Amino acid sequence: MNVLTDPTTRLLSRWCDLPCSPIASSIARRWVTAMLASWELPLSPANEATIAELTSELVTNAVQHAAPPPPGSSGIRINVRAGAATIWLAVCDHDPTLPTRRAPDFFAESGRGLFLVEAQADRWGAVQHKNGKYVWFTLQCHGGRAAHETQPATDPPGCHEH
């Protein structure tokens, strides 16, 4: 894990490697919650819960739907960034297939992940890169002006390091 702090933009960023297994979403939720708490951001309990839920949904999608990673590489990587007013989180995997949101079946046990992400995040999207893809969301959470970008100006460099 590494921390990058840019004093001109006050951007905090951290990475975490996760196993490609059913426990990944639980690890991711706890890690993101601890990381945001360590940055002492003024997040409401509702924002903390939303970030944890959306993180879990994206990681669960990567575990359930992405092609397995090549031998010797990390399964899934997540990147969380905090700027002046926005939390941005990306989940990177090796499968270049972009996710598609489908109409949810509210009686089914699964299949509502991207519906929930779209309903709760300010923005979300998916981007292919040479080593797979990353799926991201933003949530305006704390003081300052909201970011107008739909995603960071550059791909998260750690997604390419699987």
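Mapping the sequence shown onto UniProt numbering, position 122 (from 1) lands on 122, and the numbers just tick up by one. All C-beta atoms in this analysis are idealised placements derived from N, C-alpha and C, irrespective of residue type, glycine included. The structure displayed is predicted, hence computed values, not measured ones.
Please tell me whether Ile-51 and Leu-139 are closer than 8 Å, where the distance is taken between their beta carbons.
Result yes, Cβ atoms of Ile-51 and Leu-139 sit closer than 8 Å.
Opening and closing residue of the alpha helix (DSSP H) in which Arg-30 lies:
Unbroken alpha helix (DSSP H) run through Arg-30: 24-38.
In angstroms, rounded to a whole number, what distance separates the CA positions of Trp-15 and Ser-73?
15 Å
Buried or exposed (CB count within 10 angstroms, at least 16 for buried), Pro-71
exposed
Is His-94 buried or exposed, if buried means 16 or more other CB atoms sit within 10 Å of its CB?
It is buried - the Cβ of His-94 has at least 16 other Cβ atoms within 10 Å.
Compute the beta-carbon to beta-carbon distance between Asn-79 and Ser-13, rounded to the nearest angstrom, for a pair I have assumed lies under 8 Å.
6 Å
Can you tell me where the alpha helix (DSSP H) holding His-65 begins and where it ends?
45-65
Answer with buried or exposed for Pro-40, where buried requires no fewer than 16 other C-beta atoms within 10 angstroms of its C-beta.
Per the sequence shown, residue 40 should be read as Glu rather than Pro. Glu-40 comes out exposed.
Return the bridge partner residues of Asp-17 from the DSSP annotation.
Arg-77
Where do the N-terminal and C-terminal ends of the beta strand (DSSP E) with Leu-89 fall, by residue?
86-93
Exposed or buried, what is Glu-57 when buried is set at 16 or more other beta-carbons lying within 10 Å of its beta-carbon?
buried
Just to confirm my understanding: we take Ala-126, look at its own chain, exclude 5 residues before and 5 after, and list those with CB closer than 8 Å. What are they?
Leu-98, Pro-99, Lys-133, Tyr-134, Val-135 and Trp-136
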